[in-house]
Structures are given as structure tokens and as C-alpha cells.
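Residue numbers (this note's numbering): 33 to 151.
Each remark here refers to the structure printed beneath this line.
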């Protein structure tokens, strides 16, 4: 697991946001709720993420102990991602953040391609 950037934080939210605050980290966690996904599936679910950005976010989440990465030694390589116990502890927060976002989009009359809810 990666050592935090600082040895001390003024507020627990600082470290929380440092860990899940990346551009696609919350989205990745949301997609991994109750499922294991291959890299290609995550790419399809998050089309705005460049491959470089998606790989970086996945590596950081793995380093922080939020996701598991399982590499199968086959050709072509198969990589699967799932939530760790620590990652599963974030599920209630991610669900609430998703609800807040859905309400915000509705109140502001902003269209959203994603019509479902995570649960």
C-alpha cells in the first residue's frame, strides 16, 4: 500500500478525498459495486477516460487498497478488478454521492447519459 503524501492531516476528509477524489475514482468504485470487471469493460463504461488516465486511476486505487487487480497469465492478458474489503466500506458513501448527483442534475435540468442508479 502506498504511503500517504503527508504524515498528518487536518481533517479526515482530506485523506478521503485524496484517495477517492481522482477524476474517475468514484466512478470506478461505483461500477465495481457487487461485480468484478475486466479492464475492457471499465473502458467501455467510462468512455471519456483516456486509457492512460484510467490505468493511472486504477493503479492508485490498487495502491491505496481500494481495489484488487487480478492478472491472468494468458494470451491475450486478462485483467480483472474488484473491490477490496476497504473498498466495500466506501459503498454507502458512493451510493449517497450518486444520489446527490442525480438530484443535482434533475434540479438543474442537466441531461445525463446514465439513467440508472447504483446500489
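No residue lacks a Cβ here, since even glycine has one placed at the ideal position from N, Cα and C.
Predicted model, so just to flag it, every value in this text is computed and none were measured.
With DSSP collapsed to three states, give me the class of residue i.
{"i": "residue 141", "result": "coil"}
{"i": "residue 155", "result": "The requested residue 155 is not part of the displayed model; the chain covers only 33 to 151."}
{"i": "residue 67", "result": "coil"}
{"i": "residue 126", "result": "helix"}
Could you tell me whether the Cβ atoms of residue i and residue j are closer together than 7 Å?
{"i": "residue 116", "j": "residue 97", "result": "yes"}
{"i": "residue 123", "j": "residue 58", "result": "no"}
{"i": "residue 56", "j": "residue 87", "result": "no"}
Going by Cα to Cα distance, which pick from the options is closest to residue i?
{"i": "residue 99", "options": "140, 107, 67", "result": "67"}
{"i": "residue 130", "options": "86, 121, 61, 88", "result": "61"}
{"i": "residue 92", "options": "142, 40, 135, 50", "result": "50"}
Might you give, ordered along the chain, the residues of its own chain that have their beta carbon closer than 8 Å to the beta carbon of residue i, omitting 5 neighbours on each side?
{"i": "residue 101", "result": "90, 94, 111, 112, 113"}
{"i": "residue 109", "result": "103"}
Mind checking residue i: buried by the 16 CB within 10 Å criterion, or exposed?
{"i": "residue 137", "result": "exposed"}
{"i": "residue 119", "result": "buried"}
{"i": "residue 103", "result": "exposed"}
{"i": "residue 145", "result": "exposed"}
For residue i, which residues in the same chain have their Cβ closer than 6 Å to its Cβ, ignoring the five residues on either side in sequence?
{"i": "residue 52", "result": "58"}
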